[in-house]
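In my numbering, the protein residues as written are 2 to 59. Just so you know, even glycine gets a beta-carbon here, dropped at the ideal spot from N, CA and C. First the structure, in the form of structure tokens, and then the observations on it.
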Ligand SMILES: [Zn+2]
């Protein structure tokens, strides 16, 4: 079995664990077109946010 030659530094351990607290974005369905989108984001499908058209879709 392969064994590490050197002990990993506290810094490297911390760098690896820096992303451990990240969690998946909460998804909600758009009230206009009911596609799954992250919360607090303009819907990329219909361009609506907070019941108002914000972006023209292509
Ligand atoms: Zn939508």
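Integer-rounded CB distance, given that residue j should sit under 8 angstroms from residue i
| i | j | result |
| --- | --- | --- |
| residue 26 | residue 39 | 4 angstroms |
| residue 24 | residue 30 | In fact, because the Cβ distance is near 19 angstroms, the residues do not count as touching under 8 angstroms. |
| residue 43 | residue 56 | 6 angstroms |
Any residues whose CB sits closer than 7 angstroms to a heavy atom of ligand 1? List them in chain order?
Qualifying residues come out as 31, 33, 34, 36, 38, 44, 46, 47 and 49.
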